[in-house]
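K.L.:
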Amino acid sequence: MDRSRVASVELQDSNPVAAATDTSTWLHHGLKKRRATFTTRKPVSVWIGTWNVGGAIPSAPLDHWVLGRSLAHRSKSKRPPLSVSTSLSASGASPGSDDSPDTTNLHDAGLTSPLVANGPPRLELAHLLDGSESVTSFESLLSSASSLDFSVATSDDLRRDSLASTVSTVSSVTAAKPPLPPRPPAPPAEILAFGFQEVDVSTDVYFAHDPATILDLKAKIIDGLGPHLEKQYALVSIKQLAGMIVAVLAHESVVPYITEVESGYVGCGIMGVLGNKGAVAIRFKVFDTRICLVNSHLAADQNQAERRDSDFHEICRRLVFKREDGSSCQTNDLPLLFLSRTMVFWFGDLNYRLESTYNDVLAGIKASRVPHLLQRDQLGHSIRTGRAFAGFQEAPITFHPTYKFDPGTNRYDTSEKQRTPAWCDRILWRHPTLNVTPVKYRSHMRYGDSDHKPVSAILTVETEVIDQDKYALAVKEVLREHDKWENEFIPEASVSEQLIDLGEVKVLKPVVRTVELRNTGKIPVSWFFASARPTPTEDDADQWMWTEPSKGYLEPGERQSITIRILVSPVAARNLNHAGSALNDILILRLEHGRDFFISVEGRWLKTCLAQSLQSLCDTGGAVRVDAEPQNGTSSEEPRHSVPQELQVLSKFILAHAMDVPARELWGNNGEEAGDEAMLETVLDSLDTGAPLDEARLAGTAGARSVARVMLLMFEYLEVPVIPDQDQEMFVASAEGSPMLEAVAHLPVVHRATLLHLLELCESLIDKQGPDTLAVLAEVFGPLVMRVPLPSGLATSGSISSVAGLNTATPMTSPSKEMKRYRTKIQARQLAFARLVQTLQNS
Numbered sequence: 001m002d003r004s005r006v007a008s009v010e011l012q013d014s015n016p017v018a019a020a021t022d023t024s025t026w027l028h029h030g031l032k033k034r035r036a037t038f039t040t041r042k043p044v045s046v047w048i049g050t051w052n053v054g055g056a057i058p059s060a061p062l063d064h065w066v067l068g069r070s071l072a073h074r075s076k077s078k079r080p081p082l083s084v085s086t087s088l089s090a091s092g093a094s095p096g097s098d099d100s101p102d103t104t105n106l107h108d109a110g111l112t113s114p115l116v117a118n119g120p121p122r123l124e125l126a127h128l129l130d131g132s133e134s135v136t137s138f139e140s141l142l143s144s145a146s147s148l149d150f151s152v153a154t155s156d157d158l159r160r161d162s163l164a165s166t167v168s169t170v171s172s173v174t175a176a177k178p179p180l181p182p183r184p185p186a187p188p189a190e191i192l193a194f195g196f197q198e199v200d201v202s203t204d205v206y207f208a209h210d211p212a213t214i215l216d217l218k219a220k221i222i223d224g225l226g227p228h229l230e231k232q233y234a235l236v237s238i239k240q241l242a243g244m245i246v247a248v249l250a251h252e253s254v255v256p257y258i259t260e261v262e263s264g265y266v267g268c269g270i271m272g273v274l275g276n277k278g279a280v281a282i283r284f285k286v287f288d289t290r291i292c293l294v295n296s297h298l299a300a301d302q303n304q305a306e307r308r309d310s311d312f313h314e315i316c317r318r319l320v321f322k323r324e325d326g327s328s329c330q331t332n333d334l335p336l337l338f339l340s341r342t343m344v345f346w347f348g349d350l351n352y353r354l355e356s357t358y359n360d361v362l363a364g365i366k367a368s369r370v371p372h373l374l375q376r377d378q379l380g381h382s383i384r385t386g387r388a389f390a391g392f393q394e395a396p397i398t399f400h401p402t403y404k405f406d407p408g409t410n411r412y413d414t415s416e417k418q419r420t421p422a423w424c425d426r427i428l429w430r431h432p433t434l435n436v437t438p439v440k441y442r443s444h445m446r447y448g449d450s451d452h453k454p455v456s457a458i459l460t461v462e463t464e465v466i467d468q469d470k471y472a473l474a475v476k477e478v479l480r481e482h483d484k485w486e487n488e489f490i491p492e493a494s495v496s497e498q499l500i501d502l503g504e505v506k507v508l509k510p511v512v513r514t515v516e517l518r519n520t521g522k523i524p525v526s527w528f529f530a531s532a533r534p535t536p537t538e539d540d541a542d543q544w545m546w547t548e549p550s551k552g553y554l555e556p557g558e559r560q561s562i563t564i565r566i567l568v569s570p571v572a573a574r575n576l577n578h579a580g581s582a583l584n585d586i587l588i589l590r591l592e593h594g595r596d597f598f599i600s601v602e603g604r605w606l607k608t609c610l611a612q613s614l615q616s617l618c619d620t621g622g623a624v625r626v627d628a629e630p631q632n633g634t635s636s637e638e639p640r641h642s643v644p645q646e647l648q649v650l651s652k653f654i655l656a657h658a659m660d661v662p663a664r665e666l667w668g669n670n671g672e673e674a675g676d677e678a679m680l681e682t683v684l685d686s687l688d689t690g691a692p693l694d695e696a697r698l699a700g701t702a703g704a705r706s707v708a709r710v711m712l713l714m715f716e717y718l719e720v721p722v723i724p725d726q727d728q729e730m731f732v733a734s735a736e737g738s739p740m741l742e743a744v745a746h747l748p749v750v751h752r753a754t755l756l757h758l759l760e761l762c763e764s765l766i767d768k769q770g771p772d773t774l775a776v777l778a779e780v781f782g783p784l785v786m787r788v789p790l791p792s793g794l795a796t797s798g799s800i801s802s803v804a805g806l807n808t809a810t811p812m813t814s815p816s817k818e819m820k821r822y823r824t825k826i827q828a829r830q831l832a833f834a835r836l837v838q839t840l841q842n843s
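Sequential numbering from 1 applies to the sequence shown in full-length UniProt numbering.
1. Quick one: what's E306 bridged to in DSSP?
2. Assign H746 to buried or exposed, taking buried as 16 or more other Cβ atoms, counted over all protein chains shown, within 10 Å of its Cβ.
3. For the beta strand (DSSP E) containing Y441, name the first residue and the last one.
4. So, helix, strand or coil for M659, using DSSP?
5. Bridge partners for N52 per DSSP, in chain order?
6. How would you write the range of the alpha helix (DSSP H) that V710 sits in, first residue to last?
7. Alpha carbon to alpha carbon, how far is A20 from F489?
8. How would you label C279, buried or exposed, when you count the other beta carbons within 10 angstroms and need 16 or more for buried?
9. Quick check: what's the CA-CA separation for D199 versus P58?
10. When the Cα atoms are used, what is the spatial distance from R595 to G552?
11. Are at least three pairs of beta-carbons, each pair with one atom in the region 472-485 and one in the region 423-443, less than 8 Å apart?
12. On a CA-only basis, which of S237, E602, R664 is nearest I564? Give me that one, please.
13. Of the residues M819, T40, A305, which one's Cα is nearest the Cα of L790?
14. In chain order, what residues of the same chain lie with their CB nearer than 6 Å to the CB of V626, ignoring the 5 residues before and after it?
15. Report yes if the C-beta distance between F312 and L298 is below 9 Å; otherwise report no.
16. Rounded to whole angstroms, how far is the Cβ of E763 from the Cβ of Q841, which I believe are closer than 8 Å?
17. Please confirm whether K218 and L235 have their CB atoms less than 9 Å apart.
18. Where are the beta strand (DSSP E) runs, 3 residues long or more, that stay fully inside the region 518-603, in chain order?
19. Considering only C-alpha positions, which residue in the set S581, D542, S550 is nearest to L567?
20. Helix, strand or coil: which one does DSSP assign to L319?
21. Buried or exposed, going by whether 16 or more other CB atoms sit within 10 Å of the CB of T188?
22. Is it buried or exposed for A36, if we count other Cβ within 10 angstroms and need 16 for buried?
23. Identify whether E736 lies in helix, strand or coil by the three-state DSSP scheme.
24. Under the rule that 16 or more other beta-carbon atoms within 10 Å means buried, what is F653, buried or exposed?
25. Expressed to the nearest angstrom, what Euclidean distance is found between the alpha-carbon atoms of S310 and G54?
26. With H, G and I counted as helix, E and B as strand and the rest as coil, what does DSSP make of M819?
27. Grab me the residues of D216's own chain with a C-beta within less than 7 Å of its C-beta, minus the 5 sequence neighbours each way, in chain order.
28. Taking DSSP's pairing of strands, which residues face N359 in a bridge?
29. Taking buried to mean at least 16 other C-beta atoms within 10 Å of its own C-beta, is P499 buried or exposed?
30. Beta-carbon separation of S651 and V750 under 9 Å?
31. Where DSSP assigns a beta bridge to H297, which residues make up the other side?
32. Going by other Cβ atoms of all chains shown within 10 Å of its Cβ, with 16 needed for buried, is H372 buried or exposed?
33. Once you ignore the five residues that flank L831 on each side, which residues in its own chain have a CB closer than 6 Å to its CB?
34. Going by beta carbon distance, what residues of the same chain come within less than 8 Å of A753, once the five residues before and after it are set aside?
35. Considering only the beta carbon of each residue, do V254 and V44 sit closer than 9 Å?
36. Could you check whether the region 607-619 touches the region 719-728, counting it as contact only if at least three pairs of C-beta atoms, one from each stretch, sit closer than 8 Å?
Structural data, given as structure tokens:
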């Protein structure tokens, strides 16, 4: 079974649905329910340490922090950082204290002892027998080095072994025998995670990191492990954001099982972006569990609890990860805590304080009333109320507050500010299903480099190991169930017609057909047309078919009537005129999660004289629907007519039957559509077939208006305007008389003849109806013979057959600069047309 096909699916975090039909979603939830059948739990020990070091790399050795004891024989030379050969990031593989509660180190009634800046004092025999924290160090000194057992002995066992070992040591000294060499330390855990804050507090670190800082810190960590353990650990990754550094090491026993190493960071300090506050994180998989380690430094000050809560949510929102090996990271765009199967460890200087006074907290510390003080802990309040860190857990705190100390001492702040002690340095974890068992959670009071004390935790973490064979069986089982479900509950429906005959289709003549969709299955059906054809708008001028509705929902047994509307506009007719007589299309009606119905739409397109070019109309020997042979003696390279025959027919009718109809009424009033739809179809049929106009049917004003409307449509939808675009400015700029005649002479032959034919018709109308008619004719014909493209967003009158109103349309909103420029161009063309008519009258 190819696990890669579903590996990302089983890690999704989505809610189950009652009837999931998507295969990946079904597979995800099916595997989630069966997870226990193909996974086993494997414990992994994790050591986590956090320390705000106060502006510099610690001077004291880190062995007591990491190992819970001091190394008896330490190399005096500085150890180099982990070599490339032991670095997981370089190899491409990615693998993964010990004080008891330090209450004895606290000052008592003002009696304090300064700490040694470069490490803890030497351990004498008297110290080993007095029951203090040093007993643990001595016991660790005698622990087995060869064992990789990370279990922790009980305190009684440790004390019994300690006393026995001490007696043995004293006896050896008495017998004057040479002392046994100290046994090397056992590994503290399989995964070590170090979180440092304020390693560098200079402002320069916000803009550039000093590589020496990381090198020195790695050397310090290695020195803390000692020469024996150094060889057993490999570096998983180390990352820095300003003064924050997180480093992860893995023991050789888990190195082969660590993969997919990723890192990320978020700055939320000054101006919400700089790295003096924020988080730096490393994420990887150990076995088949993803572990994320977040080292953060949140907002400071006693009264900034809400800001700290906000910092937490900002980090969760913005923290994304990138693969360190350069490969793709499928989850790099998901918020940190939304990955349901990620084990998150969040540690650092979280800066949450105690809601109490300095003196009250000191009194509580002296009385060892830790539980009482923790009731006033801001972090605990945020977790309980869900304001931040919801779902996170923490081991029981048995140590005293780790902030704020006079550096170099175990004395809480004695400065003028006397900051209230608090548990600022914390280690939390979160996972919805896997268990984390705390083994140790402590502070390390012997370190005095900073005003914070370091904190560490040893945790036993449950990880999952997937049995690939059982996983493959589970996948097959889930897919079989899905197939069965699909067969039983697949959406089913029927369509009344899958072949729709439109018959003859003409320009501007609506055709309506209906089909019925019926839900014949057992479950509700959502349906839609794969190529949505919504109600027509001005953006769909070349579209000729629409469905109403275009989508829907049917309960079992329910029916839906679907209307298919056909309307070929002159713009759409332009393409159909060139395509031939066949009018075909296929509608794809799709059932969601079901089958597709292919509905064939067929019709016979009847060519029209609208949306043609003047040249093609003049080249046609007869009507556009008649395949006329070339006339005798006429060259195919010369037009058969100087003016389209259709325009001549229309002009002749107007001169004979419409001269008494007032110009405004004849050509339309302010863009109002003129004529009768049935008569319009009659006129177009006559022109397209070459039949004479039915003068009896077209008698009267309605007939005259229909003929005038067809003439306007012909001019409006010509492929190239009567005055082509490149010549329009010449006419607009020309004065009446000779300049205008010169402009006319520059036009192509067919265009010049058509323009003169129109001007002669206008001259006849003016002679009949008076000079006032010129303004109406200029208003109507000017923008048609010299077309101006409509500005974007301009609403037309709605009907495709609008006449002059198309070029004098009203905008949907208040006039814009674009609309004003459009109107100016329209007015210029109306004036130019008036000058053309006057020039013809005077010539």
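C-beta atoms are modelled at their ideal positions from N, C-alpha and C, and glycine is treated no differently.
Only a predicted model underlies this, so the values are computations on that prediction, with no experimental measurement involved.
P.N.:
For this structure:
1. What you label residue 306 is simply residue 306 of the sequence shown in a count that begins at 1. Paired residue(s): none; E306 is not in a bridge.
2. Residue mapping note: residue 746 aligns to position 746 of the sequence shown, counting from 1. Classification of H746: exposed, given that the 10 Å Cβ count is below 16.
3. Within the sequence shown, the letter at position 441 stands for residue 441. Taken as a continuous stretch (DSSP letters only), the beta strand (DSSP E) holding Y441 covers 436-443.
4. Looking up residue 659 in the sequence shown gives position 659. Coil at M659, not helix or strand.
5. Taking the sequence shown and counting its residues from 1, the one referred to as residue 52 is at position 52. Beta-bridge pairing links N52 to Q197.
6. Position 710 of the sequence shown, counting from 1, holds the residue named residue 710. Residues 701-716.
7. Counted from its first residue, the sequence shown places residue 20 at position 20. Counted from its first residue, the sequence shown places residue 489 at position 489. Annotation note: pLDDT 45 at A20 (below 50); position unreliable, no value reported.
8. Position 279 of the sequence shown holds residue 279. This sequence places Ala at residue 279; Cys is not what is there. By the 10 Å Cβ count, A279 comes out buried.
9. Position 199 of the sequence shown holds residue 199. Position 58 of the sequence shown holds residue 58. Note on identity: in this sequence residue 199 is Val, with Asp being the wrong assignment. If you take the alpha carbons of V199 and P58, they lie about 9 Å apart.
10. Within the sequence shown, the letter at position 595 stands for residue 595. Within the sequence shown, the letter at position 552 stands for residue 552. Taking the straight line joining both Cα atoms gives about 15 Å.
11. no
12. As a working mapping, residue 564 is identified with position 564 in the sequence shown. Of S237, E602, R664, the residue nearest in Cα terms is E602.
13. Along the sequence shown, read from residue 1 onward, the residue named residue 790 stands at position 790. Measuring from the Cα of L790, the nearest candidate turns out to be M819.
14. For the purposes of this step, residue 626 is taken as residue 626 along the sequence shown, with counting starting at 1. G690.
15. Stepping through the sequence shown from its first residue, residue 312 is reached at position 312. Stepping through the sequence shown from its first residue, residue 298 is reached at position 298. Result yes, Cβ atoms of F312 and L298 sit closer than 9 Å.
16. In the sequence shown, the residue the question calls residue 763 occupies position 763. In the sequence shown, the residue the question calls residue 841 occupies position 841. Rounded, the Cβ-Cβ distance is 6 Å, consistent with contact.
17. Along the sequence shown, read from residue 1 onward, the residue named residue 218 stands at position 218. Along the sequence shown, read from residue 1 onward, the residue named residue 235 stands at position 235. Against a cut-off of 9 Å, the Cβ pair of L235 and K218 comes out as a contact.
18. 525-529, 545-548, 551-554, 559-566, 582-591
19. For the purposes of this step, residue 567 is identified with residue 567 of the sequence shown, where counting begins at 1. The candidate whose alpha carbon is nearest that of L567 is D542.
20. The sequence position of residue 319 within the sequence shown is 319, counting from 1. The answer is coil: DSSP assigns L319 none of H, G, I, E or B.
21. Indexing the sequence shown from 1 puts residue 188 at position 188. Per the sequence presented here, residue 188 reads as Pro, with Thr not at that position. That one is buried.
22. Here residue 36 corresponds to residue number 36 of the sequence shown, with the count starting at 1. Classification of A36: exposed, given that the 10 Å Cβ count is below 16.
23. On the sequence shown, residue 736 is found 736 positions in, with the first residue counted as 1. In this structure, E736 counts as coil in the three-state DSSP scheme.
24. Mapped onto the sequence shown, residue 653 falls at position 653. Its Cβ being crowded by 16 or more others within 10 Å, F653 is buried.
25. As a working mapping, residue 310 is identified with position 310 in the sequence shown. As a working mapping, residue 54 is identified with position 54 in the sequence shown. Whole-angstrom Cα-Cα distance: 24 Å.
26. Here the question's residue 819 lines up with position 819 in the sequence shown. Note: M819 maps to helix in three-state DSSP.
27. As a working note, residue 216 is residue 216 in the sequence shown. Result list for D216: I57, in chain order.
28. For this step, residue 359 is matched to residue 359 along the sequence shown. None, per the DSSP bridge assignment.
29. Counting from 1 along the sequence shown, the entry for residue 499 is found at position 499. First, the residue type needs correcting, since residue 499 is Leu and not Pro in the sequence shown. Answer is exposed; the Cβ neighbour count stays below 16.
30. Along the sequence shown, read from residue 1 onward, the residue named residue 651 stands at position 651. Along the sequence shown, read from residue 1 onward, the residue named residue 750 stands at position 750. Their beta carbons are not under 9 Å apart, which means S651 does not touch V750 by this criterion.
31. Taking the first residue of the sequence shown as 1, we reach residue 297 at position 297. According to DSSP, which records beta bridges pairwise, H297 is partnered with G278, D349.
32. Taking the first residue of the sequence shown as 1, we reach residue 372 at position 372. The residue is exposed, with fewer than 16 neighbouring Cβ atoms inside 10 Å.
33. On the sequence shown, position 831 is the one that residue 831 refers to. Excluding residues within five positions, none has a Cβ falling inside 6 Å.
34. Against the sequence shown, residue 753 aligns to sequence position 753. Same-chain partners within the cutoff: S642, V643.
35. On the sequence shown, position 254 is the one that residue 254 refers to. On the sequence shown, position 44 is the one that residue 44 refers to. Yes, the pair counts as a contact, with Cβ atoms nearer than the cut-off.
36. yes
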